[in-house]
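Participant:
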Amino acid sequence: MGLNAAAASHPFTRADILRKAAISERQLRGWERAGLVAPADAYGFSQLNAIKTLASFKAAHVPSARIRKTIEAVRKRGVADPLAETRLYVEGRHIRIQVGDERLDPLSGQMLLDLDGNVVERVAVLPPRILEDNAAKQRKLRSAEEWFLRGVEMEQSGAPPGDIIDTYMVAISLDPSLAAASVNLGTIYFNQRDWVRAEKYYTRAIDAMPDYALAHFNIGNLYDELGNRDQAHEHYSKALELDPNYSDAHYNIALLYQATGQAMKAMRHWRAYLKLDPRSSWADVARRELDKLYKSTVFRGNRVDPLPGAQVRRPDPGEKL
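Take a look at the structure:
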């Protein structure tokens, strides 16, 4: 499934942000009023990471005033957007910055040393160059995201596949951990029926982000296409474990169960799919298959006989972010 231009630039809705950061709407509005987060209805990757950082501060009960003071201190050292350009984290009740292998107290500018399990401050101020180097790394990551979004926009405009592949490859060269670019590369190769490269990039996406439901769903499609039902089932199940409301994963695993004679499990996933997507053309297919199972399932002891003629088409065999 593709994205429109607006979604390409900001792939996460406000509801997505609340779910991924495990925060309430009230909390997000509070951070907006405090000037820690810019008000928005759609968000990019860097904004998501910034909000997740704030959520970790909240979980550690760090006062909002201390968070604001820390961010201002880092800004005074030449970092325009501390939440996006540095790795801020909580240590006890204190906020630290990780710069390479060094820990920094952002308020004093001093590096921290672990001595016999006790953190003590080193009598030296971190040179501004180190902060600048870290900011440069963060700019590189943002550049990778921009190349990724450019690739998405090229797909929407119908650019040649070779050009799109080159664009995603630039994004990955700048940030090898950019799982979304690997997923989209995998899907391009999937649609070209280049199974080896598709598997390579889907696997790379999962290695970079093991909890990426879309990557598991797509590689499940790949294995399903190749007739490897065990691996397809493994990844569809993982996608549903990560996102129980993943409607397409319910649809595909229902087909998989139905094709292997596991009618009760198939019925459970057809019903789950219909709760999530009751009105689309795929819902009509799901209702037909569910009705077929109700009418034709035959129980013999503990065995359920497989049903012939199950609908084999799946929705969008290669999804993208």
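Under this note's numbering, think of the first position of the sequence shown as 24, with each following residue one higher.
The beta carbon of each residue, even a glycine, is placed where N, CA and C say it ideally should be.
#1: Within 10 Å of its beta-carbon, does Arg227 have 16 or more other beta-carbons around it, so buried, or fewer, so exposed?
#2: Enumerate in chain order the residues of its own chain whose CB-to-CB distance from Asp266 is below 8 Å, with the five nearest sequence positions on each side excluded.
#3: What residues match up with Phe35 in a beta bridge as DSSP calls it?
#4: Over the uninterrupted alpha helix (DSSP H) stretch that includes Pro184, give me the two end residues.
#5: Can you tell me where the alpha helix (DSSP H) holding His84 begins and where it ends?
#6: Using C-beta distances below 6 Å, list every residue in its chain close to Asp247, excluding the 5 sequence neighbours before and after it, in chain order.
#7: From the DSSP output, in three-state form, read off Arg216 for me.
#8: Going by alpha carbons, who is nearest to Leu278 out of Glu48, Met290 and Thr190?
#9: In chain order, what residues of the same chain have a beta carbon less than 6 Å from the beta carbon of Asp137, not counting five sequence neighbours either side?
#10: Between Leu197 and Lys163, what straight-line distance do the alpha-carbon atoms span, to the nearest angstrom?
#11: Verify whether the separation of the beta carbon atoms of Ile242 and Tyr225 is less than 7 Å.
#12: Under DSSP, the alpha helix (DSSP H) around Gln254 begins and ends at which residues?
#13: Within 10 angstroms of the Cβ of His84, are there 16 or more other Cβ atoms? Answer buried if so, exposed if not.
#14: Assign Ala204 to buried or exposed, taking buried as 16 or more other Cβ atoms, counted over all protein chains shown, within 10 Å of its Cβ.
#15: So, helix, strand or coil for Thr76, using DSSP?
#16: With Leu278 as the anchor, note down where its alpha helix (DSSP H) starts and where it stops.
#17: Pop quiz: Gln281 and Leu316 are said to be a contact at Cβ under 8 Å. What is the actual Cβ separation, rounded to whole angstroms?
#18: Along the alpha helix (DSSP H) that carries Tyr296, what are the first and last residues, could you check?
#19: Please report the straight-line C-alpha distance between Ala38 and Ser303, rounded to a whole angstrom.
#20: Considering only the beta carbon of each residue, do Tyr191 and Leu172 sit closer than 7 Å?
#21: Comparing alpha-carbon positions, which option in Asp314, Trp54 and Pro62 lies nearest Pro86?
#22: Got a sec, what are the start and stop residues for the alpha helix (DSSP H) Asp307 sits in?
#23: Under 7 Å between the Cβ atoms of Ala238 and Leu201?
#24: Compare the beta carbon distance of Ser270 and Leu299 with 7 Å and say whether it is the shorter of the two.
#25: If you run the structure through DSSP and keep just helix, strand and coil, what is Ala61?
#26: Counting along the chain, where does the alpha helix (DSSP H) carrying Leu245 start and finish?
#27: Mind checking Gln215: buried by the 16 CB within 10 Å criterion, or exposed?
#28: Could you tell me if Lys261 is buried or exposed, where buried requires 16 or more neighbouring beta carbons within 10 angstroms of its beta carbon?
Facilitator: With the structure as the only source:
#1: buried
#2: Ala236 and Ala272
#3: Tyr66
#4: Pro184 to Leu197
#5: Looking at the DSSP string, His84 is not in any alpha helix (DSSP H), and its letter there is neither H nor E.
#6: Ala255
#7: coil
#8: Met290
#9: With a pLDDT of 41 at Asp137, under the threshold of 50, the modelled position of that residue is not reliable, and no figure is offered here.
#10: 6 Å
#11: yes
#12: Arg252 to Leu265
#13: exposed
#14: buried
#15: helix
#16: Ser270 to Ala282
#17: 7 Å
#18: Ala286 to Leu299
#19: 22 Å
#20: no
#21: Trp54
#22: Ser304 to Ser319
#23: no
#24: yes
#25: coil
#26: Ala236 to Glu248
#27: exposed
#28: buried
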